[in-house]
Structure formats: C-alpha cells, structure tokens
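S.K.:
Protein chains in written order, with the numbering used here: chain R, 1 to 393; chain V, 394 to 563.
1) Whether or not the region 197-204 of chain R and the region 223-243 of chain R are in contact is what I'm after, with contact meaning three or more pairs of Cβ atoms, one per stretch, closer than 8 Å; do they touch?
2) Suppose the cutoff is 7 Å on Cβ atoms and the five residues either side in sequence are ignored; what does the same chain contact list for residue 531(V) look like?
3) Would you please verify whether the beta carbon of residue 351(R) is less than 8 Å from any beta carbon of chain V?
4) What do you reckon, are the CB atoms on residue 425(R) and residue 180(R) nearer than 8 Å?
5) Run through the DSSP bridge pairs and tell me what residue 222(R) is partnered with.
6) For residue 418(V) versus residue 562(V), is the C-beta distance shorter than 8 Å?
7) My output table needs one value for residue 552(V): the three-state DSSP class, helix, strand or coil.
8) Is residue 386(R) close to chain V, meaning its C-beta is less than 8 Å from at least one C-beta of that chain?
9) Does the distance from the CB of residue 306(R) to the CB of residue 265(R) come in under 8 Å?
10) Answer yes or no: does any C-beta atom of chain V fall closer than 8 Å to that of residue 381(R)?
11) Report buried or exposed for residue 317(R), applying the criterion of at least 16 other Cβ atoms within 10 angstroms of its Cβ.
12) Given that residue 536(V) touches chain R, what residues does it touch there, using C-beta distances under 8 Å?
13) Compute the beta-carbon to beta-carbon distance between residue 423(V) and residue 467(V), rounded to the nearest angstrom, for a pair I have assumed lies under 8 Å.
14) Does the Cβ of residue 381(R) have 16 or more other Cβ atoms within 10 Å, making it buried, or fewer, making it exposed?
15) Scan the region 35-46 of chain R for residues whose Cβ lies nearer than 7 Å to a Cβ of chain V and list them as they occur along the chain.
16) Go ahead and pull the three-state DSSP assignment for residue 457(V).
17) In chain order, what residues of the same chain have a beta carbon less than 6 Å from the beta carbon of residue 258(R), not counting five sequence neighbours either side?
18) In chain R, which residues lie less than 8 Å from residue 505(V) when you measure between Cβ atoms?
19) Classify residue 91(R): buried if its beta carbon has 16 or more other beta carbons within 10 angstroms, exposed otherwise.
20) What number of angstroms, rounded off, separates the C-alpha of residue 198(R) from the C-alpha of residue 237(R)?
21) With a CB to CB cut of under 6 Å and the five nearest residues on each side skipped, what residues in its chain are close to residue 11(R)?
22) Chain R beta carbons: is any one of them nearer than 8 Å to that of residue 547(V)?
Shown next as structure tokens:
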C-alpha cells in the first residue's frame with residue numbers, strides 16, 4: 001500500500017520526468033527529482049535508432065500496402081491451433097444435424113425397433129396424386145368407390161405363411177398397415193360401414209373408431225386388429241371400398257423375443273417340476289418350507305412369462321391396421337399434390353414446425369459445443385498471454 | 394482483404410511516420426538484436442496494417458494499440474528464439490560515437506547499461522515503453538492492461554531502483 005506522502009512524491013517525480021522529456025533538460029529544483037530527470041534523458045538517449053536502409057525498405061512496403069508474399073493458405077497464426085478442432089466440431093454437428101433431419105422424415109415408418117422391416121409404397125405426399133392407379137380385383141360384395149374401378153394402390157405383396165422372412169417358416173412377425181381411403185363426402189358413412197364389415201368378415205375386430213360427418217366435411221379413423229394369416233385378403237377388400245390415397249406397410253421380426261420367452265418358460269416349468277419332486281422327498285419342515293418359497297417365486301415367474309408370451313402371440317397373430325377415411329377434396333393426409341389454400345397453409349406450418357424442430361436439435365448440440373470451444377479459446381488466450389509474460393521473466 | 398479507402402491509407406501512413414522510429418526502438422530494446430528487431434518491427438506494422446479495421450478508438454489511442462501489437466510480436470519472438478538469456482547481455486551499441494563523444498557521456502552510458510542489467514524483464518519492458526517508445530503513462534497502462542496509477546507507481550518504483558543501481562555502479 002502506498003503512503004499518502006509517497007503518492008505525492010511519486011506524482012511530483014513523474015511530472016518532473018515528463019517535463020524533462022518534453023524540454024530535453026533536467027532542471028527540477030529538487031535534487032532527487034532532478035536525478036530522475038537526468039536518468040530519464042539518459043534512457044531516452046539510449047533508445048536504438050533504425051538503420052536508414054531498413055527504414056527505406058519498410059517505408060516502401062508500407063506505401064505498397066504490405067503486399068503479401070505468395071503463400072498457399074494464409075491464416076492468422078492465432079487461429080491455426082483451433083483449425084483442426086473447429087473442423088472436427090463442425091463436421092460432427094453437421095453429421096448429427098443430417099442424421100436428425102433424416103430421422104424426422106414424416107414419410108418414414110420404422111416399425112419401432114431395430115429389427116423393423118418397413119415397406120412403404122407411396123405413403124408420402126409426393127406420390128399421393130398418382131397413387132390411385134393399378135387394379136386389384138374386388139372379392140367382396142362391397143360397392144366400388146366413386147365410379148373409379150381401378151382405385152387400388154399397388155401394394156407390396158404380403159408374405160405368405162412365414163412372415164417377412166419366407167425362408168424361415170416359423171418367424172414371428174409383427175405387422176402393421178396404415179392406409180388412407182378417400183371417398184365422396186356422401187359415401188364416407190357407407191365406406192365406414194364397409195370397413196367394419198370387412199374387419200368382421202376376416203375374424204378381426206375394431207379396436208377404436210371415430211367417424212365425423214359435419215359441415216366441415218366427413219372423415220373417420222379406424223384402428224383395426226385383423227388376423228395376420230388373413231391380412232392380405234382383408235387389405236384387398238378394404239382397398240376396394242374406396243380410392244386408396246396412400247398405404248404403408250411395416251413388419252418387425254420378434255422371433256428372437258418369442259423364442260427367448262418360450263425358452264425361459266420351459267426352464268421355469270422344468271424347475272417347478274424339479275422343486276415338486278424335491279418337496280415330496282423333503283426330510284425336514286425347514287427344507288420343505290424353503291422349497292415352497294422357491295416354488296412360489298417360480299410360479300410367479302411362470303405367470304409373468306405366460307403373460308409375455310400371450311402378448312407376443314397377440315401382436316404377431318393380429319396385425320394392426322390403421323385406416324384414415326377422408327372425403328374427396330377434404331383434408332389431405334400427406335399434405336401434397338395440390339389442395340386448397342388452407343391445405344397449403346397447413347403444409348407450410350407443418351414444414352416450419354419440422355424445420356424449427358431440426359434447428360432446435362442442432363442448436364442443442366451446437367450451443368454446448370460452442371461454449372466448450374469458447375472456453376477453450378479463452379483458456380488458450382490466457383495461456384498465450386502468460387507465456388508471453390514468461391518471456392520477460 | 395478489406396477494401397482500403399484513401400482515408401484509411403492516409404491514417405495508417407500518418408501512424409507509420411509518427412511511430413516507426415519508436416516502434417523500432419522499443420522492439421530493439423526488448424530483443425537486443427538488430428536483425429530480429431527489424432523483422433519484428435516489420436511484422437508489427439504489417440499486422441497493424443492488416444488489422445487496422447479492428448482498432449477501436451474507445452479502447453485507447455492508436456499508438457497504444459500499435460505498441461500492443463508490437464509488444465506481442467516481440468514477446469512471441471523472444472519466446473520463440475529463447476532469447477531470455479540475451480536480455481542479460483549488454484545491449485548492442487547502435488550509436489555512432491563520433492569524434493566528439495565525450496568521455497563523461499560514455500561513462501554515464503556504461504553506468505546506465507550496467508544498472509539496467511539489474512532489472513528484470515518486466516521492468517525493462519516498462520522503461521522501454523516509456524523512454525524508447527515514448528508512450529504516456531496512460532498508453533503504457535493500456536498496453537500492459539493495468540490502471541494508469543498502477544503504471545505510474547510501477548514506473549516510479551523502477552526508476553528509483555535504477556537510480557540506486559546507477560549509484561551502486563558508479
């Protein structure tokens with residue numbers, strides 16, 4: 001800490017030094033200050049002078065605007081350490097962004113698992129306009145839609161018997177189909193009845209249904225369960241009810257899960273049999289009680305595995321069929337291929353929301369990465385400053 | 394490369410004319426090597442020319458900005474060439490003594506040089522900024538990143554130390 005008198009002395013001496021440098025003479029009345037003035041003048045006299053040759057050369061370069069020497073790539077030296085990390089960071093962000101954007105494709109159907117098999121035949125909007133082509137002969141006695149006698153989307157043939165891996169006849173496949181049917185507004189109710197009838201005819205059932213008929217147009221949604229063995233015929237009849245605007249099929253192989261649960265169930269049953277035998281030959285009450293407790297546990301396990309097996313069988317024995325029913329000129333399920341101004345507005349909104357979602361995900365990655373890069377830059381700057389200072393130590 | 398306007402060129406030319414001998418003197422005081430001082434001086438002016446659009450008047454005078462660049466370049470050079478030891482060496486005599494060089498002046502110069510050798514690098518840097526570069530205390534404070542009063546106090550302390558060292562050496 002500086003003493004007040006010292007502060008005054010310091011200020012006096014500094015003023016004396018500046019005065020001597022300005023005047024070129026040391027004439028302060030105080031001997032101590034005058035000594036400092038003389039020292040200041042001596043130090044200034046010690047300042048090295050540039051050689052005239054160098055001064056001329058540098059002046060010429062300065063007047064020419066410091067022309068660059070030919071170099072392959074010029075980068076500020078301070079940026080070079082960050083070049084490689086920045087490139088890696090940008091690449092990672094770009095790759096993740098592309099991956100996210102790709103996974104957000106609204107037309108894709110992934111079946112919900114790693115073993116999914118997706119069969120998409122024109123479900124996206126780009127093909128909806130041309131989708132109602134091709135022909136499949138109707139088998140059921142349901143009237144055709146709108147006078148268009150060939151309005152069935154050509155679909156990927158469903159696998160026969162063995163599911164999506166024909167070479168393995170015992171594969172267990174979860175199947176699902178989503179389809180959009182389009183009918184004239186005055187026939188929507190009739191087509192809805194037809195959906196219910198076709199479902200019943202093939203041994204299926206309607207899990208949920210929703211039918212709206214009003215001033216805004218008629219529409220309906222159905223969630224059906226149809227026996228997988230009869231799915232192909234049922235879909236054919238459903239397609240014959242009205243114009244098929246889009247159709248998506250997917251399948252997921254759950255054979256492994258099925259086999260695993262089945263094996264575990266067999267093992268649990270074998271253990272129960274073994275425990276029962278041990279119980280018969282138990283010598284003491286304690287031993288018998290211990291075996292009974294173990295039996296209770298195994299029984300619980302068996303019940304749980306049975307439930308899992310039932311659930312798996314239900315999912316593979318019955319296919320999930322989702323039917324969207326729309327009136328002609330009404331809501332477009334896929335959002336492309338013309339339509340009203342409202343449709344276009346809605347599509348634009350969906351597109352913006354989708355884009356915003358992708359951008360938010362990219363930002364969620366880029367912001368922390370940017371913060372890390374910023375911290376690294378600051379750290380590097382501090383280190384560089386300290387290193388420079390160390391050159392004077 | 395940014396577009397260079399006539400005004401910018403004139404402004405840089407004025408800065409060059411005003412500061413060139415002082416930048417060289419400052420850099421040479423730090424490096425104690427004429428060849429290296431020329432390289433670093435040229436490098437500092439070239440950097441300043443390329444970065445002239447980054448200068449902000451509210452952050453200090455143009456001289457302080459230029460000497461900040463020169464100091465960084467000199468310290469980088471000093472570190473790169475590991476010339477720490479050379480700071481301890483007697484400075485190169487760049488002046489032409491001439492026929493009328495008085496013995497008293499030569500003696501005083503020797504005393505000052507010997508006294509300078511007792512200072513550390515930071516103190517010599519401070520003196521070089523003041524007496525070779527001719528910066529004001531406010532500009533020195535800007536270059537070194539400290540307050541003006543702190544710069545003044547350090548300068549006074551260093552001058553006092555140097556004066557004592559001169560007394561001891563004489």
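Here a beta-carbon is modelled for each residue, glycine too, at the ideal position from N, C-alpha and C.
M.R.: Per the coordinate set shown:
1) yes
2) 541
3) no
4) Outside the shown range of chain R, which is 1 to 393, sits residue 425(R), and nothing can be said about it.
5) 209(R), 323(R)
6) no
7) helix
8) no
9) yes
10) no
11) exposed
12) In chain order: nothing, as chain R lies at least about 12 Å away.
13) 5 Å
14) exposed
15) 35, 36, 39, 40, 42, 43, 44, 46
16) helix
17) 172, 312
18) 39, 42, 43, 46
19) exposed
20) 7 Å
21) none
22) no
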